[in-house]
Amino acid sequence: MKIICIGRNYKQHAEELGNKVPEEPLFFLKPDSSILTRKHAFYLPDWTDDVHYEVELVIKIRKLGKGIQKKFAPRYYSMVGLGIDFTARDVQTQLKSNGHPWEKAKGFDGSAVVSHEFVSLKDLGGDIQNLNFELKKNEEVVQSGNSSQMIFSVDDLIVYLSKYMTLKTGDLIFTGTPAGVGSVKKGDLLTGNLEGIHMFDVRVR
Ligand code: ZN
975 MKIICIGRNY KQHAEELGNK VPEEPLFFLK PDSSILTRKH AFYLPDWTDD VHYEVELVIK
1035 IRKLGKGIQK KFAPRYYSMV GLGIDFTARD VQTQLKSNGH PWEKAKGFDG SAVVSHEFVS
1095 LKDLGGDIQN LNFELKKNEE VVQSGNSSQM IFSVDDLIVY LSKYMTLKTG DLIFTGTPAG
1155 VGSVKKGDLL TGNLEGIHMF DVRVR
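In my numbering, the protein residues as written are 975 to 1179.
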């Protein structure tokens, strides 16, 4: 399986990092080895001084498809999860300034938090573009978003991505983060909620 992540899909987040709002989706991959194993805490790597959390809605692909038309896009997902796209921001900034790919800053071990449970979209009200989610750090809300704020809708993303890569059953799409990203330090506890449902706790070590 692969993890496809969308960059800059919320206007305020693009702007908070000084980036332009994109005219077409921006994506990159995380390897399957980046998934944080459920029983493990998140260990800060020793080669970065600035790891950021980015909370994101995660869509699970339910069947194989390529060149998907927009009217058929909703058939390719039915379950929604929540995740964190951990990012070594200092390393990413350096890579970006050199025009290099971001994988080192985005694809390291443990950098993909994926909720153990996925919730059926039906149980969430049925509208993929109207889901509230939030991230708390040590009990304080640091990010909150609604999928209506996405620049590119989930269906648009599926159309766009499947033009370039076959989507396979079990693939995950991280759909971008709202504003409010920030650093973590040892001891922090990150908690994710989707429509009021508790989705994950991650302890930073
Ligand atoms: Zn992200």
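Every residue, glycine too, gets a C-beta built ideally from N, C-alpha and C.
Go ahead and pull the three-state DSSP assignment for residue i.
i	result
D1162	coil
K1045	helix
D1020	coil
E990	helix
L1146	strand
K1040	coil
Distance, Cα to Cα, residue i vs residue j?
i	j	result
K985	R1012	31 Å
G1084	P996	28 Å
E1091	L1018	24 Å
N1072	V1065	11 Å
L1141	K1160	36 Å
A988	D1130	18 Å
L1105	L1098	7 Å
When you compare the CB positions of residue i and residue j, do they come within less than 8 Å of one another, or not?
i	j	result
Y1050	K1037	yes
G1154	V1116	yes
H1026	G1150	no
G1119	P1152	yes
S1121	S1052	no
Under 7 Å Cβ to Cβ from residue i, same chain only, skipping five residues before and after it: list those, please.
i	result
I1042	Y1050, I1132, V1133 and S1136
V1088	I1009, V1032, G1055, G1057 and L1146
In chain order, what residues of the same chain lie with their CB nearer than 8 Å to the CB of residue i, ignoring the 5 residues before and after it?
i	result
L1003	K976, I977, I978, C979, E1077 and G1081
At 3 residues or longer, what runs of the beta strand (DSSP E) sit wholly inside the segment 1043-1108? 1051-1059 and 1086-1088
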